[in-house]
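My numbering runs 481 ahead of the 1-based position in the sequence shown.
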Amino acid sequence: MNLSIEHYIAPKTLGDLWAYLHQQDTPTGFLYGGLDLFPHTTQHTPPTTWIDLTRITELASIEEHEGHIAIGASTTYTSLCHTPLLQRHAHALVQAASCVQSWQMRNRITIGETIALASSEACILPALYALNASVKLEDGYKERTLPISEYLQMTERNPKEVLTAIILPKQAIHSVFLMRGLHNNLPMAKVSVAVSCIIQEGVYRQVRIALGAVSSKIIRAVTAEGLMEGQPITHLPLIDRAADEARRAARPSSDIYSNARFRKWIVGILTSRAFQMMIANAQTLVVSQDPSTQTEDTEEPVSPHTQEETVTDTPKE
């Protein structure tokens, strides 16, 4: 480990943060939680000054605006799991955050540090891709918004620019996140799939399928998306074809956690199950909106850990 922290700053407001950054000339790193510190240990010249953003209350809020939802970069997984606004409009993100079963970890890990890690194995990244998320970047003078896919592919970033929020479109969207296996209870999956769409008059619209941990970056299964776009949700055999296309899009490798053949196989299983769950959720929503069928809903959201097919001829994990 080659990391020396000479200065540690913990501003309590965005104003304090900008005031410090504008007078700072040395390389600076930002801490959204702590996990995001580790990638810097392999750098030849890591930052020696670190700014802890977790005490800035403006960065730990979840706000509803006209047409979108803004999630502060220091928002913890616990907040993601228990916010009704996200449960209604970003169900896949809630499921992805809940994959960490340890409440201590959920209380510490933030959405910003997971994005900073930029690992395709991170559970919430496929969910954010499927939900068409963007990130807001600020430097105290101006701000800009980038699609999360574009942000994660940037090779050079403005050292004074801070990731302050994640922006989600507020739509009547159905979404599901499913995964297989965690790495030591960290928010990292062996394989993950997130699917989202808008169902209008029984037809798939704006289909998005994101695959995690099957490449060095998140993969969009665009061929599978095009296959489902505009098709009726009652055409169930189409789901198997989309699952096959998602499997073909995967480019996994073997490692100590799992092998490539298993990862490729499980992508199809999870994609198929995700579409089945979305259809079921959409039909349940239609029934629940009928006043004659409304009952008190006390059922907890289904954990992504439980979504595994029991089939024969399973490849060795």
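Ideal Cβ placement from N, Cα and C applies to all residues, glycine included. Remember, predicted model here, so these are calculated numbers, not experimental data.
In angstroms with no decimal places, state the Cα-to-Cα distance between residue i and residue j.
i	j	result
Pro796	Tyr738	14 Å
Glu545	Lys651	8 Å
Met669	Ile490	29 Å
Ser541	Ser600	Per the sequence presented here, residue 541 reads as Ala, with Ser not at that position. Spanning the two alpha carbons is a distance of roughly 22 Å.
Asn740	Gly515	29 Å
Arg701	Val672	14 Å
Val616	Ile750	30 Å
Pro733	Leu598	19 Å
Tyr685	His716	11 Å
Arg493	Thr636	Per the sequence shown, residue 493 should be read as Lys rather than Arg. The alpha-carbon atoms of Lys493 and Thr636 are separated by roughly 30 Å.
Val688	Glu624	29 Å
Gly707	Asp533	43 Å
Glu619	Gln504	16 Å
Tyr513	Val674	25 Å
Asn639	Ala705	36 Å
Leu667	Arg536	23 Å
Ser697	Ser735	12 Å
Asp725	Met709	12 Å
His488	Gly621	21 Å
Gln585	Ser579	12 Å
Gly711	Ile552	31 Å
Taking 7 Å as the cut-off, decide whether the C-beta atoms of residue i and residue j are in contact.
i	j	result
Glu602	Ala694	yes
Ile592	Ala614	no
Leu663	Ile550	no
Ile731	Lys745	Inspection of the sequence shows that residue 731 is occupied by Ala rather than by Ile. Yes, the Cβ-Cβ distance between Ala731 and Lys745 is below 7 Å.
Ser677	Ile720	no
Ile486	Trp531	yes
Gly683	Pro718	no
Arg728	Val748	yes
Ile654	Ile679	yes
Asn588	Thr626	no
Ala763	Leu659	no
Ala573	Cys604	no
Thr564	Ile543	yes
Thr645	Ala554	yes
Glu811	Leu502	No information on residue 811 is available, as it lies outside the stretch 482 to 798 that the chain covers here.
Ignore the nearest five residues each way along the sequence and tell me which others in residue i's own chain have a CB closer than 6 Å to its CB.
i	result
Ala571	Leu612 and Leu649
Let me know the secondary structure DSSP gives residue i once reduced to three states.
i	result
Glu683	In the sequence under discussion, the amino acid at residue 683 is Gly, which differs from the Glu named in the question. Coil.
Glu706	helix
Met660	strand
Glu545	strand
Val643	strand
Arg701	strand
Glu436	Since the displayed the chain opens at 482 and closes at 798, residue 436 lies outside it and no answer follows.
Leu692	strand
Leu566	helix
Ala653	coil
Ile537	coil
Gly553	strand
Val581	coil
Ser753	helix
Ala741	helix
Pro492	coil
Ile760	helix
Ala571	coil
For residue i, which residues from the same chain have a beta carbon less than 8 Å from its beta carbon, with the 5 sequence-adjacent residues on both sides left out?
i	result
Ile699	Ser601, Leu606, Pro607, Tyr610, Ser630, Leu633, Ala691, Leu692 and Gly693
Could you check whether the Cβ of residue i sits closer than 7 Å to any Cβ belonging to chain B?
i	result
Thr636	Looking at the structure shown, chain B is missing, and only one protein chain is on hand.
Between which two residues does the alpha helix (DSSP H) holding residue i run?
i	result
Thr559	Tyr558 to Cys562
Ile605	Ile605 to Ala611
Val616	Here Val616 belongs to no alpha helix (DSSP H); instead the beta strand (DSSP E) covers Ser615 to Glu619.
Glu631	Ile629 to Leu633
Tyr501	Leu495 to His503
Ile596	Ile592 to Leu598
Leu512	Counting along the chain, Leu512 falls outside any alpha helix (DSSP H), though it belongs to the beta strand (DSSP E) covering Thr509 to Leu512.
With respect to the beta strand (DSSP E) encompassing residue i, which residues constitute its N-terminal and C-terminal limits?
i	result
Ala727	Note, Ala727: premise wrong, no beta strand (DSSP E); alpha helix (DSSP H) at Pro718 to Ala730.
Ile532	Thr530 to Asp533
For residue i, which residues from the same chain have a beta carbon less than 7 Å from its beta carbon, with the 5 sequence-adjacent residues on both sides left out?
i	result
Asp497	none
Val575	Leu561, Cys562, Leu567, Gln568 and Pro782
Met758	Val657
Phe511	Ile532, Leu534 and Val643
Thr507	Thr529 and Thr530
Arg742	Pro796
Val581	Tyr558, Arg587, Ile590, Asn666 and Pro668
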